[in-house]
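K.L.:
First to last, the protein sequences are chains A and B.
Counting along the first sequence from 1, when you hit position 134 you're at 320 in the numbering used here, and nothing is skipped either side.
Counting along the second sequence from 1, when you hit position 58 you're at 244 in the numbering used here, and nothing is skipped either side.
Handing you this structure, nothing more for now.
There are 2 protein chains.
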Amino acid sequence: MLSQKAKYAMRALLYLARAEPNRPVLISDIADQQSVPKKFLELILLDLKRHGLVHSYRGKKGGYLLAKDPHQIFFGQVIRIIDGPLAQLPCASRTAYRRCDDCQDERTCEIRKVLMQVRDSTARILDNTSLADVMSDIPGGAARELAAGAGI
Amino acid sequence: MLSQKAKYAMRALLYLARAEPNRPVLISDIADQQSVPKKFLELILLDLKRHGLVHSYRGKKGGYLLAKDPHQIFFGQVIRIIDGPLAQLPCASRTAYRRCDDCQDERTCEIRKVLMQVRDSTARILDNTSLADVMSDIPGGAARELAAGAGI
DNA sequence: TTATAGTCTATAGGATTACTAGAGTTTCAT
DNA sequence: ATGAAACTCTAGTAATCCTATAGACTATAA
C-alpha cells in the first residue's frame, strides 16, 4: 500500500507544479487546498527538500518551489523517498537490495523470482512517469501515455 | 511489502506441491522444514483452507494437501487471501474497489491514474504465475517464462 | 480409549503510521 | 532594531497492524 504520507507528497508536488513559477507557495496554502494536515506536511516537504525535489525560502515571503521541471520529477523517486524501495521484498530490490533474514537459498527462491518481475514492471512504470506526464493541464504535459505493460 | 505471513503461505504451498501426492503433510513437518512458527502456520493454513487452496484431514494420520493442481494455484490469489488487494490504493483495485476516503475527484486523480497501471501490470504477472510455473523440479513446471512486462 | 492432529478464540508485545506540540531560526517590512 | 511571518527541527503520542503465542476444543485412527 502507498502510505498516506506518500499520497500527500504527490499531491503537494502536483500542486506546486501547477503554481505560478518562481513564486514561493506557503505550506498552509498547500495544506488548505489539498486537505493535508499542515504540521505533517511540513515534515514531508522537508524530506522532499533534503532529496532535492523542492526548495524553500524561509522567513516572510518564504515558501516552497519545485526544484526541477515537472518533466523531471518521477513517481518512482517520490515514492522511494517517502515509502522506501518499490520492491515487495528487500531481496527483490535493485536500488536497495538486502538479503531476506530467513532466506535459505536466494538463487532458488521462487518467491523472489516472481517478485523481481513485479518490481521490474512496477519500476518501469513509476520511473518513467513524471508529474508532467499525468497533468493534462500543463504545457507539454500528458505527452506520453505509457501503455501499461508495453515496452518503454 | 509482502507480509511475512504471505511469504509463509507461499512457502507452505510450494512445500505441499513438492510433497508426495495424496499423502497428508503435517503442519509440524511444514513448519520444521520451512522454518515457519508452527502456531502461526496453523492460522495461515486454516485461512488457505477456507479459501479452497488446500484441504485437510483431522486426527491421527491427518494433515494438509493441496486442493488443486499446482498449475492452478496462482501467486495473485494467495497474496490476495493473506495480504488483501494487489493495488496500492483502494481506488486502484479491480477486485476490491473502494473509494479513497479523502478523494476529491477520482476521475482526475493523477495518483490513481498511475497506480492503476501499476496494479494492472502487477496483476498480469501474479495472476498468471502458478506454483508450477516457478518450480523447475516438478513435472510440467516452469513451462512458461513470463517475460516481465511483455504482453501475455 | 488414548494419543495424535487439526480448529478456534483470545491475547500480547513490538513496530509502524499518521499525526501533534512546541521551541528555534531566518527573513522581510517598518 | 523589532516584530511578525514562515520554514526547521526534535520529541512525543495514540491508534493500528504485524507477528506471533497460549490454551482449550474437536475429530480420527489404531
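Quick reminder that beta carbons are idealized off the backbone N, C-alpha and C, glycines included.
Name, going along the chain, the residues of the stretch 287 to 300 of chain A whose beta-carbon falls closer than 7 angstroms to a beta-carbon of chain B.
P.N.:
Of all residues in the stretch 287 to 300 of chain A, D288, E296, I297, K299 and V300 have a Cβ within less than 7 angstroms of some Cβ in chain B.
K.L.:
At a Cβ threshold of 8 angstroms, is K193(B) touching chain A?
P.N.:
Taking the first residue of the second sequence as 1, we reach residue 193(B) at position 7. Closer than 8 angstroms to some Cβ of chain A, the Cβ of K193(B) qualifies, so yes.
K.L.:
Apply the 10 Å Cβ neighbour rule to A293(B) and answer buried if 16 or more other Cβ atoms are within range, or exposed otherwise.
P.N.:
Taking the first residue of the second sequence as 1, we reach residue 293(B) at position 107. The question names Ala, but residue 293(B) is Arg in the sequence shown. Label assigned to R293(B): exposed.
K.L.:
Using the beta-carbon of each residue, which ones in chain A are nearer than 9 angstroms to L275(B)?
P.N.:
Position 89 of the second sequence, counted from the first residue, corresponds to residue 275(B). Within 9 angstroms Cβ-Cβ: M187, L188 and K193.
K.L.:
Does the count of Cβ pairs from the stretch 239 to 252 of chain A and the stretch 290 to 306 of chain A closer than 8 angstroms reach three?
P.N.:
No, they do not touch.
K.L.:
Does V320(B) come within less than 8 angstroms of chain A when only Cβ atoms are used?
P.N.:
Residue 320(B) sits at position 134 when you count from the first residue of the second sequence. For V320(B), the answer is yes, since a Cβ of chain A falls inside 8 angstroms of its Cβ.
K.L.:
With distance defined between alpha-carbon atoms, name the residue in Q220(B), D269(B) and D288(B) nearest to T187(A).
P.N.:
Your numbering for residue 187(A) matches position 1 in the first sequence. Strictly speaking, residue 187(A) in this sequence is Met, with Thr absent from that position. The shortest C-alpha separation from M187(A) is found at D269(B).
K.L.:
If you check the beta carbons only, do A217(A) and L227(A) fall under 8 angstroms apart?
P.N.:
Numbered from 1 along the first sequence, position 31 holds the residue referred to as residue 217(A). Numbered from 1 along the first sequence, position 41 holds the residue referred to as residue 227(A). For A217(A) and L227(A), yes; Cβs fall inside 8 angstroms.
K.L.:
Report yes or no: do three or more beta-carbon pairs, one from the stretch 276 to 288 of chain B and one from the stretch 192 to 212 of chain B, lie closer than 8 angstroms?
P.N.:
In short, these stretches do not touch, since the Cβ pair count stays below three.
K.L.:
Output yes if chain B places a C-beta closer than 8 angstroms to the C-beta of F260(A); else output no.
P.N.:
Counted from its first residue, the first sequence places residue 260(A) at position 74. It does not; no Cβ of chain B falls within 8 angstroms.
K.L.:
Looking only at its own chain, which residues have a Cβ that is under 7 angstroms from the Cβ of K191(B), when we skip the five neighbours before and after it?
P.N.:
As a first step, residue 191(B) must be located in the second sequence, where it is residue number 5. For K191(B), where only same-chain residues beyond five positions count, the Cβ hits under 7 angstroms are I230 and I268.
K.L.:
Could you name the residues of the same chain whose beta carbon sits closer than 8 angstroms to that of P210(B), not counting the 5 residues immediately before and after it, in chain order?
P.N.:
Mapped onto the second sequence, residue 210(B) falls at position 24. Excluding positions up to five away in sequence, the list reads S242, Y243, K247, G248, G249, Y250 and L251.
K.L.:
Mind checking G337(B): buried by the 16 CB within 10 Å criterion, or exposed?
P.N.:
Start at 1 with the first residue of the second sequence, and residue 337(B) comes out as number 151. Because G337(B) sits at a pLDDT of 42, beneath the cut-off of 50, its placement in the model cannot be relied upon, and the point is left open.
K.L.:
Can you find a C-beta in chain B that's less than 8 angstroms from the C-beta of T281(A)?
P.N.:
Against the first sequence, residue 281(A) aligns to sequence position 95. Not one chain B Cβ lies under 8 angstroms of T281(A).
K.L.:
What distance in whole Å lies between the Cβ atoms of L234(B) and A395(B), which are believed to be in contact at a cut-off of 8 angstroms?
P.N.:
Nothing can be reported for residue 395(B): it is not among the residues displayed for chain B, which extend from 187 to 338.
K.L.:
Starting from the C-beta of K193(B), find all residues in its chain whose C-beta is less than 7 angstroms away, skip the five residues before and the five after it, and write them out in chain order.
P.N.:
If you number the second sequence from 1, residue 193(B) lands on position 7. If we look at K193(B) and ignore the five residues flanking it on each side, it has no Cβ neighbours.
K.L.:
Under the rule that 16 or more other beta-carbon atoms within 10 Å means buried, what is D319(A), buried or exposed?
P.N.:
Along the first sequence, read from residue 1 onward, the residue named residue 319(A) stands at position 133. It is buried - the Cβ of D319(A) has at least 16 other Cβ atoms within 10 Å.
K.L.:
Let me know the secondary structure DSSP gives G262(B) once reduced to three states.
P.N.:
As a working mapping, residue 262(B) is identified with position 76 in the second sequence. G262(B) falls in the helix class under three-state DSSP.
K.L.:
When you compare only the Cα positions, how much space is there between I265(A) and A253(B)?
P.N.:
What you label residue 265(A) is simply residue 79 of the first sequence in a count that begins at 1. What you label residue 253(B) is simply residue 67 of the second sequence in a count that begins at 1. I265(A) and A253(B): Cα-Cα distance of roughly 39 angstroms.
K.L.:
Could you give the DSSP three-state label for L239(B): helix, strand or coil?
P.N.:
Numbered from 1 along the second sequence, position 53 holds the residue referred to as residue 239(B). It is coil, neither helix nor strand.
K.L.:
In the DSSP assignment, the alpha helix (DSSP H) including L199(B) goes from what residue to what residue?
P.N.:
The residue labelled residue 199(B) in the question sits at position 13 within the second sequence. Per DSSP, L199(B) belongs to the alpha helix (DSSP H) from Q190 to R204.
K.L.:
Under the rule that 16 or more other beta-carbon atoms within 10 Å means buried, what is S316(A), buried or exposed?
P.N.:
Numbered from its first residue, the first sequence carries residue 316(A) at position 130. The residue is buried, with at least 16 neighbouring Cβ atoms inside 10 Å.
K.L.:
Considering only residues of the same chain and omitting the five flanking positions on each side of D313(B), which have a CB-CB separation below 8 angstroms?
P.N.:
Looking up residue 313(B) in the second sequence gives position 127. Closer than 8 angstroms at Cβ, skipping near neighbours: F260, F261, G262 and Q263.
K.L.:
Which residues, in order along the stretch 192 to 221 of chain A, keep a beta-carbon less than 7 angstroms from a beta-carbon of chain B?
P.N.:
Result list: K193, M196, L200 and S221.
K.L.:
Determine the DSSP secondary structure at S214(A), reduced to helix, strand or coil.
P.N.:
Looking up residue 214(A) in the first sequence gives position 28. S214(A): helix per DSSP, three-state reduction.
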